[in-house]
Amino acid sequence: SKDVTWLAPYGNEMTTEQWEDAQARCMGMLLDGRAQVSGVQRAGADATLLIVVNANHDPVSFTLPKVPHGISWSCRLDTTDPSIKGPQHLPFNKPYEVTGRSLVLFELQHTEVS
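Note that full-length UniProt numbering gives residue 20 to position 20 of the sequence shown, counting from 1, and the numbers run on in steps of one.
Below is the structure:
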């Protein structure tokens with residue numbers, strides 16, 4: 001799997017057109033903790049994180065992507081909401097309201113892989 005995947009607000013991988021869109025001001029960076037850390041053919045064991053940055057003045061609805069071997073997302077940090085404590089279970093494909101000029105960090109909640 002890829003180490004990093006850049007996502008558009010609909011939760012899909014960014015296209016060339018989206019990269020070239022001067023009006024695009026919100027994107028996500030998916031850091032896949034399952035990516036291989038060496039040449040050995042086995043999955044990594046680090047956390048999978050999603051960082052969403054919104055440079056717009058206005059809020060943007062960002063769709064939380066579905067990720068293999070995960071069950072939900074948990075918001076760990078929202079720069080506009082310091083009250084976030086402990087894991088929440090936010091389902092895949094659910095829009096999350098990202099406030100203008102903010103950053104949000106999510107951690108993938110995993111299923112047990114046998």
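Just so you know, even glycine gets a beta-carbon here, dropped at the ideal spot from N, CA and C.
Close-in-space but distant-in-sequence residues of the same chain around residue i (CB under 6 Å, 5 per side omitted)
i: S114; result: Caution is warranted here: a pLDDT of 42 is assigned to S114, below 50, making its placement in the model unreliable, and the coordinate value is therefore given only provisionally. Correct list: empty, nothing qualifies.
i: H51; result: Looking at the sequence provided, one finds Ile at residue 51 rather than His. Hits under 6 Å: M29, L105.
i: P91; result: S72
i: H89; result: S72
Rounded straight-line distance, which links the Cα of residue j to that of residue i
i: V53; j: S102; result: 6 Å
i: P95; j: G33; result: 23 Å
i: A8; j: H110; result: 23 Å
i: T15; j: Q23; result: 14 Å
i: P65; j: T5; result: 11 Å
i: D81; j: N12; result: 25 Å
i: Y10; j: M27; result: 9 Å
i: D21; j: T63; result: 19 Å
i: G70; j: K85; result: 21 Å
Neighbour-count burial assignment, residue i, 16 or more Cβ in a 10 Å radius
i: T48; result: buried
i: P68; result: exposed
i: V98; result: buried
i: D78; result: buried
Residues near residue i in its chain [Cβ-Cβ closer than 7 Å; skip 5 each side]
i: D46; result: G33
i: G100; result: N54, N56, H57, D58, P59
i: Q18; result: A8, A24
Cβ distance (whole Å) where residue i is taken to contact residue j below 8 Å
i: S74; j: E107; result: 5 Å
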